[in-house]
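Reviewing the structure listed below.
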Amino acid sequence: MILVFVVQLIVCVLILKFLIKRKVGEPFSKKAVAKFFGFGGLALIVALVISMVLSIKDDAFYGLNPLLAGFVTALLTASLYEEVVKYIFLRLALHKNTEAVSWLDITIAAAIFGGGFCILEDLEFAIIGSSNIARAFLPGHILFQLIMGYFYGKARQTGQKKYHVLSLAIPILVHTLYDTFIIALKFSIGNLDEVTPDDYEKIMQLPYAGYIIPMAACTIIAGIAMIVAIIVMCRKVDKWSKQQQAAE
Numbered sequence: 018m019i020l021v022f023v024v025q026l027i028v029c030v031l032i033l034k035f036l037i038k039r040k041v042g043e044p045f046s047k048k049a050v051a052k053f054f055g056f057g058g059l060a061l062i063v064a065l066v067i068s069m070v071l072s073i074k075d076d077a078f079y080g081l082n083p084l085l086a087g088f089v090t091a092l093l094t095a096s097l098y099e100e101v102v103k104y105i106f107l108r109l110a111l112h113k114n115t116e117a118v119s120w121l122d123i124t125i126a127a128a129i130f131g132g133g134f135c136i137l138e139d140l141e142f143a144i145i146g147s148s149n150i151a152r153a154f155l156p157g158h159i160l161f162q163l164i165m166g167y168f169y170g171k172a173r174q175t176g177q178k179k180y181h182v183l184s185l186a187i188p189i190l191v192h193t194l195y196d197t198f199i200i201a202l203k204f205s206i207g208n209l210d211e212v213t214p215d216d217y218e219k220i221m222q223l224p225y226a227g228y229i230i231p232m233a234a235c236t237i238i239a240g241i242a243m244i245v246a247i248i249v250m251c252r253k254v255d256k257w258s259k260q261q262q263a264a265e
């Protein structure tokens, strides 16, 4: 568990260092970086409190069609309130900030914010004993915040309300879709702890056995897509940075 957290920490730091160096003009001060990162951590704490207040169990929709149950569970137990909380706290972090001026600055600041949320969340998983290896290489919240920051930056720059809507709606959608397949796979297998991969007959007798292979494939594809999306967004930030430098 600790190893997974350490690997995730290294991955997040490398991504954030790459992005921070892409800021055009005066670099972010250490104080600004700490503020953005800290507000991301605060957003995680608030999201955890909300999850405890709502008290929606992960298996609340168990028994429904796995894909439908996975989507609803992902939306209600994580993506909806997490992204709303992050949107609010990102705006608070950027309020009256004089260092994040352009939409690119805001995109990078949002990624730093996402790093704070992501690292603290992974620390939580390490403490409770989660050994999800995939988490080590999939800093999803940095991706979600890159998307949110891009559209929020555009909203600040253009004043168009549609970008505010997109800055919240698209991260919620991407977050939900990514979690949907993982949860759907879990629901396809069910809560039978005694079932092992060797118990082929037991698995084939499960109500939604036909969903297991497709959901496993979709989970793998979603993980690969997450990695590709992070790489693409980082390259986009690098491209936008060079374009801004050339324009100055």
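If you read the sequence shown in this note's numbering, its first letter stands for residue 18, the second for the next number, and so on. Yeah, the Cβ is synthetic: ideal placement off N, Cα and C, and Gly gets one too. Keep in mind it's a predicted model, so treat the numbers as computed, not measured.
Closest residue to residue i among the options (Cα-Cα distance)
i: residue 135; options: 25, 260 and 240; result: 25
i: residue 181; options: 166, 193, 259 and 195; result: 166
i: residue 139; options: 124, 129 and 155; result: 155
i: residue 69; options: 88, 56 and 93; result: 93
i: residue 62; options: 141, 176 and 171; result: 141
i: residue 246; options: 164, 171, 175 and 193; result: 164
i: residue 34; options: 82, 241, 125 and 101; result: 125
i: residue 260; options: 97, 119, 102 and 98; result: 119
i: residue 55; options: 179, 190 and 109; result: 109
i: residue 168; options: 240, 128 and 145; result: 128
i: residue 239; options: 192, 52 and 251; result: 192
i: residue 53; options: 91, 74 and 115; result: 115
i: residue 234; options: 264, 265 and 195; result: 195
Residues of its chain near residue i, where Cβ-Cβ distance is below 6 Å and the 5 sequence neighbours each way are ignored
i: residue 58; result: 133 and 137
i: residue 185; result: 104
i: residue 111; result: 117
i: residue 253; result: none
i: residue 228; result: 83 and 205
i: residue 171; result: 120 and 180
i: residue 187; result: 164
i: residue 197; result: 87, 88 and 91
i: residue 31; result: none
i: residue 202; result: 232, 233 and 236
i: residue 158; result: 131, 134 and 135
Status (buried if at least 16 other CB within 10 Å, exposed otherwise) for residue i
i: residue 209; result: Note on residue 209: pLDDT 47, under 50, position unreliable in the model; no value is reported.
i: residue 46; result: exposed
i: residue 173; result: buried
i: residue 262; result: exposed
i: residue 72; result: exposed
i: residue 160; result: buried
i: residue 162; result: buried
i: residue 27; result: exposed
i: residue 100; result: buried
i: residue 44; result: exposed
i: residue 236; result: buried
i: residue 200; result: buried
i: residue 256; result: exposed
i: residue 249; result: exposed
i: residue 107; result: buried
i: residue 51; result: exposed
i: residue 230; result: exposed
Contacting residues, own chain, Cβ-Cβ under 8 Å from residue i (five flanking each side not counted)
i: residue 258; result: 39, 40, 41 and 121
i: residue 143; result: 18, 19, 21 and 22
i: residue 102; result: 60, 63, 64 and 67
Residue i - partner residues in DSSP beta bridges
i: residue 81; result: 79
Contacting residues, own chain, Cβ-Cβ under 7 Å from residue i (five flanking each side not counted)
i: residue 89; result: 78
i: residue 242; result: none
i: residue 189; result: 96, 97 and 100
i: residue 183; result: 168
i: residue 36; result: 125, 128, 251 and 254
Cutoff 8 Å: residue i Cβ touching any chain B Cβ
i: residue 60; result: As a matter of chain content, chain B is missing from the structure shown, which is built from one protein chain.
Can you list, in chain order, the stretches of the beta strand (DSSP E) that have 3 or more residues and sit fully within the region 90 to 128? The beta strand (DSSP E) runs of length 3 or more contained entirely in the region 90 to 128 do not exist; there are none.
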